[in-house]
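Report on one structure; see the data block that follows.
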Amino acid sequence: MEKSSSLNSQHDLYLQEIEGIDDYWGPTFRAIFDNEEHGEFKKKLQERIKQHDKDIERLCNVYYQGFIESVRELLEVRSHSNKLNNQVVGLDKQLHLAASNITKSGSELLQARKVQSNIAVVIAQLNLCLPVFLTYFKLQKQIAEKRYYPALKTLEELEHLHLPHVSNYRFSRQLQENIPKYREKIGEASMSDLKDFLENIRKFSPRIGEVAMRHTSEQLASDPTVIGRKKKRNAALPPEDLSAQELIDFSPIYRGLHIAHILGRSPTFESYYRAERTKQARLVLQPPTNMHESEESYKAYIHAVLGFFILEDHVLNTGKGLITRAFLDDMWSMALSKIVTALQTHSAYCTDATLILKIKDLIMLFCATLKNYGYTIKPLWELVRELRDHYTEVLMQRWVQVFREILSKEDFQPIKVYDQEEFDNILLSFPWDGDLPDVVTFPYSFPFSSMVPKVYQQVKEFIYACLKFSEDLNLSRSR
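0 is the number of the first residue of the sequence shown in numbering that gives the first Met the number 0; add one for each residue after it.
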């Protein structure tokens, strides 16, 4: 009996452990099986289940109405739960859609930010490149317009100011490589302009000499004392009376000289100019073949020579070392001997006294103009003296023929007059101071033939002609 009671107590203990522990039943079942009590324990377990069923049934009977209400509430909760679940599912879908859109917008925003960043970088680089492009365009335009000196300045700006900021670009390296070519192009264009200028002034030299001699003539007419000093002109002259610097645009020389200085080619530029002008001087100094035949030939020769050296004087004073005083003096010394020789040679062939006077006037005006520009004219003054001797010889040859003709027609008979008018005419043609009667009786015979008044008149004409050469000789002095 005690054994059965002890066994029941043990089984109750097992049931308490099983009921008290939710998941760790292994030791309890092992103890039951080790004691081989599983059969009895099974019965005990069935009894406990029945007891619990009764308790549940009793409780259910007691709480049936509450249970029904709870089930009904549970069903309502289930309905609300389904609705809530559907709402949650809908919200989840909306959330996924919104998240998808946000993700897409975020990707687009990220891409836009990258594009914006790239654009900012491009703009920054373009801001660096833009001055290069603008300066290069300006350079091309200046070269096309033949504004070579500003183009050279622009090239310096491009090389030293703008290109260093874009040195990483390929076009920058290409431009850098082309800069020497542009300099060479500008240098060649400058020399081409110089050649055109030299050709142009060669054509304009006679015109410049003509205008200069006209100015000197006007000065002599108004005030002979102005010779040897430059006279300032107050009134504006008409286009045909402009001076050398007003007739000729000297900017190609100044511009070319500046360009040559910047390019380091000043000696080459100066040597070329001097050599070409020396060649042109030799051409100018060659007189026309038949210069002695007309005044216009002398004018053309003298105007060309004078214009040439007026231009050189202007270049000396404004050319900033393009030519030197020593160079110009040497060239004038060479030219002066050739001028004197040419005028001597051709005037020696001249037998027309009137033309010789015109030649003298030209040479005198030539000397006066040269003196205004500071050139030595002593050999030309000597030439005028030689020309005077030649002029006198020509006059003598001419009047020898006149006297011969008078003598050949002379009958050596006294002049006989028949009235007072004839008497007065004889005295007017020959102021005879011999003895005259107080009262002249006509016909009256003079104590000389008609040859005497004729010779007297021709001697007077000869003297006048000789003195004609000496007019204005005091307006110039040798230097």
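A virtual CB, placed ideally from N, CA and C, is assigned to each residue, including glycine.
8 Å or more divides the Cβ of residue 411 from the Cβ of residue 457. The Cβ atoms of residue 284 and residue 338 sit closer than 8 Å to each other.
In the DSSP annotation of this structure, the continuous segment of the alpha helix (DSSP H) that includes residue 402 starts and ends at 377-407. Contact fails between the region 349-357 and the region 325-334, because fewer than three Cβ pairs, one in each stretch, are under 8 Å apart. Using a Cβ distance threshold of 8 Å, residue 151 and residue 261 count as a contacting pair. By the beta-carbon neighbour count (other beta carbons within 10 angstroms, threshold 16), residue 61 is exposed. Excluding sequence positions up to five before and after residue 181, its CB lies within less than 6 Å of the CB of 154, all in the same chain and listed in chain order. The Cβ atoms of residue 468 and residue 356 lie closer than 8 Å to each other. In this structure residue 375 does not touch residue 305 by the C-beta definition: roughly 14 Å separates them, more than the 8 Å allowed.
Taking the CA atoms as reference points, residue 176 sits about 38 Å from residue 315. Note on residue 251: 16 or more other CB atoms within 10 angstroms of its CB, so buried under the neighbour-count rule. Under the DSSP assignment, residue 348 falls outside any beta strand (DSSP E); it carries neither an H nor an E label. Put simply, the region 386-399 does not touch the region 415-431. Fewer than three CB pairs are less than 8 Å apart. Listed in chain order, the non-local C-beta contacts of residue 192 below 8 Å within the same chain comprise 145, 147, 251, 254 and 255, local neighbours out to five positions each way being set aside. When secondary structure is reduced to three states using DSSP, residue 415 falls in the strand class. Listed as beta-bridge partners of residue 181 by DSSP are no residues whatsoever. Sequence-distant partners of residue 171 (beyond 5 residues in either direction) whose C-beta falls short of 6 Å from its own C-beta, in its chain, are 162 and 165.
Counting only unbroken stretches of 3 or more residues, no beta strand (DSSP E) element lies wholly within the region 270-309.
Separation of residue 455 and residue 423 (C-alpha to C-alpha, rounded to the nearest whole angstrom) is 16 Å.
Secondary structure of residue 461 (DSSP, three-state): helix.
Look at the beta carbons and you see the region 185-200 touching the region 269-282: at least three pairs across the two are nearer than 8 Å. Collapsing the DSSP output to three states places residue 166 in coil. Residue 380 holds the alpha-carbon nearest to the alpha-carbon of residue 335 among 380, 115, 310 and 292.
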